[in-house]
Amino acid sequence: MDYINRLARMTLPDSYRSQLTYIQPSSKYSQSEAGPVPQPFPGYSVVTPPRPDDPGNEAVYAALETLQNDLKRQLGEIVAMVPPDSLHLTLADLIWYDAYRTAAQSPDFHGKLQQAIAYSFQDYQRRTAQSASPCAWQILGLVIMPRAVGVVLAPKTEAAYQQILNLRRSIYQNRSLMALGV
């Protein structure tokens with residue numbers, strides 16, 4: 000599967016070395032004597048429930064917290080860790096920062112955005128109505144991005160891959176969202 004091959008290349012040491020040259024501070028944090036301080040970062044993303052709201056996946060969150068602690072020991076203060084209770088999977092980044100601020104000035108932007116997202120989820124449910132299998136994923140490794148270190152997940156089955164692909168299509172091909180600047 001091309002998706003797995005592309006992801007696997009992202010988790011190789013050579014990839015890490017090349018990506019480290021592009022590291023930049025995140026505007027989502029400012030520095031203080033006590034360490035990184037989260038900053039307001041307006042926008043919308045579609046995420047899984049955070050750890051406290053997702054007890055069925057506690058083993059996944061525990062593994063991610065262990066990984067966080069390992070990274071913290073190895074990298075020290077170079078990276079800021081999100082609180083373990085805020086761990087989640089980002090399914091789709093929709094709109095943020097300046098684009099969000101501009102779009103939010105339109106009348107009823109938030110209501111229209113929420114309606115469009117609701118439609119995306121209804122569309123996704125229609126597309127996957129026959130599929131009763133769980134969407135199972137496994138941790139493949141880490142990816143270094145310009146402003147973050149993330150976990151790379153790989154589907155355990157072709158059906159799991161198709162489920163997430165259908166969800167993302169339902170979101171990113173939603174004409175109502177596109178009309179809102181998403």
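Take the sequence shown: its position 95, counting from 1, is numbered 94 in numbering that gives the first Met the number 0, and each next residue is one higher. We put the beta carbon where it would ideally sit given N, CA and C, even for glycine. Nothing here was measured: the structure is a model prediction, and the numbers come from that model.
With DSSP run on the structure shown, which of helix, strand or coil describes residue i?
{"i": "Met-177", "result": "helix"}
{"i": "Val-81", "result": "coil"}
{"i": "Ile-138", "result": "strand"}
{"i": "Ser-26", "result": "coil"}
{"i": "Ala-91", "result": "strand"}
{"i": "Leu-74", "result": "helix"}
Quick one: residues in its chain with C-beta nearer than 8 Å to the C-beta of residue i, no 5 flanking neighbours on either side, listed in chain order?
{"i": "Met-80", "result": "Gln-67, Leu-70, Lys-71"}
{"i": "Ala-147", "result": "Ser-25"}
{"i": "Gln-38", "result": "Ser-26, Lys-27, Tyr-28, Ser-29"}
Tell me which same chain residues have a C-beta within less than 7 Å of the C-beta of residue i, skipping the five on either side of it?
{"i": "Tyr-2", "result": "Tyr-160"}
{"i": "Thr-127", "result": "Gln-162, Asn-165"}
{"i": "Ala-153", "result": "Ile-3, Leu-6, Trp-136, Gln-137, Leu-139"}
Using a Cβ-Cβ cutoff of less than 6 Å, which residues in the same chain neighbour residue i once the five nearest sequence positions on both sides are dropped?
{"i": "Val-46", "result": "His-87, Thr-89"}
{"i": "Pro-145", "result": "Tyr-21, Gln-23"}
{"i": "Pro-41", "result": "Tyr-99"}
Would you please state the rounded distance, in angstroms, between the beta carbons of residue i and residue j? I believe it to be under 8 Å.
{"i": "Phe-108", "j": "Leu-179", "result": "7 Å"}
{"i": "Ile-143", "j": "Leu-63", "result": "Between Leu-63 and Ile-143 the Cβ distance is about 16 Å, and since that is not below 8 Å, they are no contact."}
{"i": "Asn-165", "j": "Tyr-118", "result": "The pair is not a contact, with the Cβ atoms about 14 Å apart (cut-off 8 Å)."}
{"i": "Gln-137", "j": "Lys-155", "result": "6 Å"}
{"i": "Tyr-43", "j": "Ile-94", "result": "6 Å"}
Less than 8 Å separating the beta-carbons of residue i and residue j?
{"i": "Ser-14", "j": "Arg-8", "result": "yes"}
{"i": "Arg-182", "j": "Ala-91", "result": "What is shown of the chain runs 0 to 181, which leaves residue 182 out entirely."}
{"i": "Asn-56", "j": "Ala-115", "result": "no"}
{"i": "Leu-176", "j": "Thr-10", "result": "no"}
{"i": "Gln-162", "j": "Cys-134", "result": "yes"}
* Cβ contact (3+ pairs, closer than 8 Å) linking the stretch 79-89 and the stretch 47-65 -> yes
Just checking, does the stretch 96-105 make contact with the stretch 149-164 on the three C-beta pairs under 8 Å criterion?
no
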